[in-house]
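Report on one structure; see the data block that follows.
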Amino acid sequence: APDDETTSTYIVQMTLDPVATYDGDVDDLAATRVGPDETIDPEAPEVLEYTDHLQEQHRDALADVDGGEPLYDYVYAFDGFAAELTEAQAADLAARPDVVAVTEDEKVEVD
Amino acid sequence: TSSTPSFLGLDEPGGLWEQLGGAAGSLREPGAGEDIVIGVIDSGIWPESRSFSDRDERGRRTYAGRPFGFRGDCDAAAAAVDDSWKASLCTPKLIAAQHFNAGWGGDEAIAEQLPWEFLSPRDYNGHGTHTASTAGGNHGVAATGAAAAFGTISGIAPRASIAAYKALWSTEDASTAQGYPSDLVAAVDQAVADGVDVINYSVSGTTGNLLDPVEIAFMNAADAGIFVAASAGNSGPAAGTVAHPSPWITTVAAGTHDRDPVGSATLGDGSRYSGASLAATAAGPAPLVDSATVGLPDADPTLVAQCYAAVDNGGVPVLDPASVAGKIVLCDRGVTPRVNKSRAVAEAGGIGMILVNTDENSLNADFHSVPTVHLAETDRAALKAYAATEGATATVNVATVGDDAPAPYTAAFSSRGPTQAGGGNLLKPDLMAPGQDILAAVAPPGFNGAGFGLASGTSMSAPHVAGLAALLADQHPDWSPMMIKSALMTTGSDVLDGDATDPAVIFSQGAGHVQPTGAADPGLVYDNDVNDWLAFLCGTTQGVEEAACDALVEDGHSLDPSDLNTPSIAVDRVSRSQTVTREVTNVGDTAATYTASTTGLDGIDVTVSPSTLTLAPGETASFTVTFEYAGASVNATLGGYLTWTDGSHDVRSPIVLRAGD
Chain A
1 APDDETTSTY
11 IVQMTLDPVA
21 TYDGDVDDLA
31 ATRVGPDETI
41 DPEAPEVLEY
51 TDHLQEQHRD
61 ALADVDGGEP
71 LYDYVYAFDG
81 FAAELTEAQA
91 ADLAARPDVV
101 AVTEDEKVEV
111 D
Chain B
1001 TSSTPSFLGL
1011 DEPGGLWEQL
1021 GGAAGSLREP
1031 GAGEDIVIGV
1041 IDSGIWPESR
1051 SFSDRDERGR
1061 RTYAGRPFGF
1071 RGDCDAAAAA
1081 VDDSWKASLC
1091 TPKLIAAQHF
1101 NAGWGGDEAI
1111 AEQLPWEFLS
1121 PRDYNGHGTH
1131 TASTAGGNHG
1141 VAATGAAAAF
1151 GTISGIAPRA
1161 SIAAYKALWS
1171 TEDASTAQGY
1181 PSDLVAAVDQ
1191 AVADGVDVIN
1201 YSVSGTTGNL
1211 LDPVEIAFMN
1221 AADAGIFVAA
1231 SAGNSGPAAG
1241 TVAHPSPWIT
1251 TVAAGTHDRD
1261 PVGSATLGDG
1271 SRYSGASLAA
1281 TAAGPAPLVD
1291 SATVGLPDAD
1301 PTLVAQCYAA
1311 VDNGGVPVLD
1321 PASVAGKIVL
1331 CDRGVTPRVN
1341 KSRAVAEAGG
1351 IGMILVNTDE
1361 NSLNADFHSV
1371 PTVHLAETDR
1381 AALKAYAATE
1391 GATATVNVAT
1401 VGDDAPAPYT
1411 AAFSSRGPTQ
1421 AGGGNLLKPD
1431 LMAPGQDILA
1441 AVAPPGFNGA
1451 GFGLASGTSM
1461 SAPHVAGLAA
1471 LLADQHPDWS
1481 PMMIKSALMT
1491 TGSDVLDGDA
1501 TDPAVIFSQG
1511 AGHVQPTGAA
1521 DPGLVYDNDV
1531 NDWLAFLCGT
1541 TQGVEEAACD
1551 ALVEDGHSLD
1561 PSDLNTPSIA
1571 VDRVSRSQTV
1581 TREVTNVGDT
1591 AATYTASTTG
1601 LDGIDVTVSP
1611 STLTLAPGET
1621 ASFTVTFEYA
1631 GASVNATLGG
1641 YLTWTDGSHD
1651 VRSPIVLRAG
1661 D
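These protein sequences, in sequence, are chains A and B. If you read the first sequence in our numbering, its first letter stands for residue 1, the second for the next number, and so on. If you read the second sequence in our numbering, its first letter stands for residue 1001, the second for the next number, and so on.
Here is the structure:
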């Protein structure tokens, strides 16, 4: 049986829509729409400000459960992060009101 | 691929390639998929493949420059250590390449599993190269080696650019490429940031969780204007196995095509068994042995029966050369690559192989190390019984490759609906494309040194659709991903498996097999966007805040999942009466009057209101479809179609529903 310190990789999803919790100027941002629309630049200052905001939220959530550094921050197509967590830390994150889902990383393969 | 562009009519007069200005791959003749970027999330890419070169055979550049607005980059670390990358990467053709491995275990894990140059986007396994070249490989690339007899290959969108995001990994045993969603979501996130137009995802996934991280990443990708093609899965023919259920994804089943590589084995008693084969030479007559009886003393009997190659067994062979040399070996299909089984036979001195299925699965023609024929599970008992007789012999006959086989049939392995998501109110898969015995470019390390290889799976059908989406995005830059999906669905044709209104057929083909020439001019399209998807989620699952769902209702959205404006209709229950709403837009150049008709759904009365729609170009109108119970067998699943016709377009939507309480 795993002990309390055994960790696995989890994907923590903060919102369904990355722009939903952004308190900056969404109209001005257009920053989450970084798809084929060539007018939008992920390196633009307002976009960087937005992605910094999301990453800050991710780190706050991780810090609240004494987690370490995330493996990934997802900021464009997904608002969340991947991190090595214990089962208890994953449960604590899942209980937060600002977390939609915590999903353990399970191997997939080509079809 | 070698023949599916023709099977799909891309190269016929008036076909999509001609409509888009040819596919010769020169600056003077810009062609299909120009300036469209296909992001391939897979096992990486073999950059030296001619399928991804930005130059012709004389070294002249064939692309003017990078697609405008694309921001993707190349893996700088990989380029620094691998000279070949420098010449092949970040060209207008192979425009970006990145790798993601933190979830897999990071650089240390990779370094233990693969040579150093594969700690990069470079493909070892070959799967990613195969899918990328299928979707957007160059036109007219001459196949080499055993594949040379097939002539040239072409991607479906041969002028598209490829951005490779490697998030699947394999080891040196050429085993299946695998990965973790943490790396795959990172790849999707990067592809969206880079600004790809299309994503291909030939990877297994959830069958029922609409909030799966990969599915949600694709929702936001689609919201950003990116078309996503994903494999339906290889868990067929069982029902209820389809993966990637999200409505914002185009979920692709696999069908057969008209190339027909037929071979046979003749046994010493005169019986003859036909199957799939590319045997260029015959083997035998020679003694026939059942592999289960010719294993090395300490070998695992299961591995022996399946003719495991040493490469699949930690370098240890399982077949006994003393018993195999000079003989034809009967091998069971199993989990290891089929081509590795003939390699095991060859390494033990065998001269031919009869590969036989152990369950209902497809028959595949592959490039084998010894002449091979692949036979059905229904032949297995007789083959094993004969092989057990004294003096058994067999001949593997020379194969023939025809190009007029009746097609498409649903590939046996292709996963089927109904989907486990959406509570019976969503149809998946969406459509079908070729996915069996597909010849495309591969990475030599994973394919015994070959640069071209055959593969089968919904992994192969999805990139056909990704390529088609690139063509339609090129032709109709104002179309949303869902409009492209609609065009491909409403113009589909039927498989040959049986009555098209049989729900089992609809659950295998979705809206039907893609017909790209018709998709270029579909007449009407069904569009939907992120607010529609959130409303769908409100009606089917948890995850959207109640306040958001209330706001969507106030904004006029229905939370009934059957009302999502898809080009297909699924209703979980029609107890008395059920009405669904749809909205169509005329994407034709002229005003048109469409008339509705329905087929199938015996025991259900169907009323479309209004039954005619007159629409100016660009005009949108809504209509309802009411299903009333009229004596259908209770609990029966019924299939049918709604078709809008204006005399030149048939805009067809499949319908599945369950009758009664």
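Glycine included, every Cβ here is placed at the ideal spot set by N, Cα and C.
Residue i, DSSP secondary structure in three states
i                : result
T1266 of chain B : strand
D1572 of chain B : strand
I1216 of chain B : helix
A1097 of chain B : strand
F1627 of chain B : strand
Q1542 of chain B : coil
K1166 of chain B : strand
V1396 of chain B : strand
H53 of chain A   : helix
F1413 of chain B : coil
Q1019 of chain B : helix
D1197 of chain B : coil
F1367 of chain B : coil
V1074 of chain B : This sequence places Cys at residue 1074 of chain B; Val is not what is there. Correct three-state label for C1074 of chain B: strand.
V1185 of chain B : helix
Y76 of chain A   : coil
A1147 of chain B : helix
W1046 of chain B : coil
Chain B residues whose Cβ lies nearer than 7 Å to that of residue i
i              : result
L71 of chain A : A1102, G1103, S1182
V65 of chain A : Under the 7 Å cutoff, chain B gives no residues; its nearest Cβ is about 17 Å from V65 of chain A.
Q13 of chain A : P1213, I1216
Sequence-distant residues of the same chain with beta carbon closer than 7 Å to residue i, five excluded per side
i                : result
V100 of chain A  : Q13, M14, T15, L16
A1032 of chain B : L1016, W1017, L1020, A1023, A1157, P1158, R1159, L1471, D1474
V1611 of chain B : This sequence places Ser at residue 1611 of chain B; Val is not what is there. Result list for S1611 of chain B: T1595, A1596, in chain order.
L1426 of chain B : P1245, P1247, T1419, P1561, A1570
A1299 of chain B : V1318
P1013 of chain B : none
D1290 of chain B : L1330, K1384, A1387, A1388
E1034 of chain B : R1159, D1474
Y1308 of chain B : V1318, T1336, A1344
Beta-carbon neighbours of residue i, restricted to chain B and to distances below 8 Å
i              : result
T9 of chain A  : G1103, Y1180, S1182
Y50 of chain A : Chain B residues near Y50 of chain A: none, gap ~12 Å exceeds 8 Å.
A82 of chain A : A1102, G1103, S1182, V1185, A1186
Residues of its chain near residue i, where Cβ-Cβ distance is below 8 Å and the 5 sequence neighbours each way are ignored
i                : result
A82 of chain A   : T9, Y10, I11, V12, P70, L71, Y72, Y74, D105
M1219 of chain B : S1246, W1248, V1530, W1533
R1658 of chain B : G1424, V1571, D1572, R1573, V1574, N1635, A1636, T1637, L1638
S1456 of chain B : A1254, S1362, N1364, A1411, F1413, G1435, Q1436, D1437, I1438
Under 8 Å from the C-beta of residue i: neighbouring residues of chain A
i                : result
G1205 of chain B : V108
H1368 of chain B : Residues of chain A passing the Cβ test: none, with the nearest at roughly 21 Å.
L1168 of chain B : E109, V110
T1176 of chain B : E109, V110
S1043 of chain B : V110
Under 7 Å from the C-beta of residue i: neighbouring residues of chain A
i                : result
N1234 of chain B : D111
Cβ shell of residue i (< 6 Å), same chain only, five flanking positions each side left out
i                : result
W1479 of chain B : none
G1009 of chain B : G1015, T1517
D1260 of chain B : G1402, A1405
A1394 of chain B : A1265, L1267, G1284, L1288, I1328
P1445 of chain B : Y1124
T1624 of chain B : T1579, T1581, S1609
H1464 of chain B : I1156, A1433, P1434
Y1201 of chain B : I1041, A1230
P36 of chain A   : In this prediction, P36 of chain A has a pLDDT of 49, which is less than 50 and means its spatial position is unreliable; nothing more can be read from the coordinates.
Contact set between residue i and chain A, taken where Cβ atoms lie within less than 9 Å
i                : result
D1189 of chain B : Y72, D73, Y74, V75, Y76, A77, F78
S1202 of chain B : V110, D111
S1231 of chain B : V110, D111
Chain E residues whose Cβ lies nearer than 8 Å to that of residue i
i                : result
H1127 of chain B : In the structure shown, chain E cannot be found, because the protein chains are A and B.
Segments of 4+ residues assigned as alpha helix (DSSP H) that fall wholly inside the region 1250-1332 of chain B = 1301-1305, 1321-1324
Short-range partners of chain B found in the region 99-111 of chain A, where Cβ spacing is below 8 Å | Of all residues in the region 99-111 of chain A, V100, A101, T103, D105, E106, K107, V108, E109, V110, D111 have a Cβ within less than 8 Å of some Cβ in chain B.
Chain A contacts made by the region 1450-1478 of chain B, where a contact means CB separation under 7 Å | When C-beta distances to chain A are compared with 7 Å, the residues of the region 1450-1478 of chain B below that value are G1457, T1458, S1459, in chain order.
Closer than 7 Å, Cβ to Cβ, to anything on chain A: give me those residues from the region 1409-1435 of chain B, in chain order.
-> Under the 7 Å Cβ criterion, the region 1409-1435 of chain B contributes no residue.
Please name the residues in the region 1063-1077 of chain B whose beta-carbon is closer than 7 Å to at least one beta-carbon of chain A, in chain order.
-> F1068, G1069, R1071
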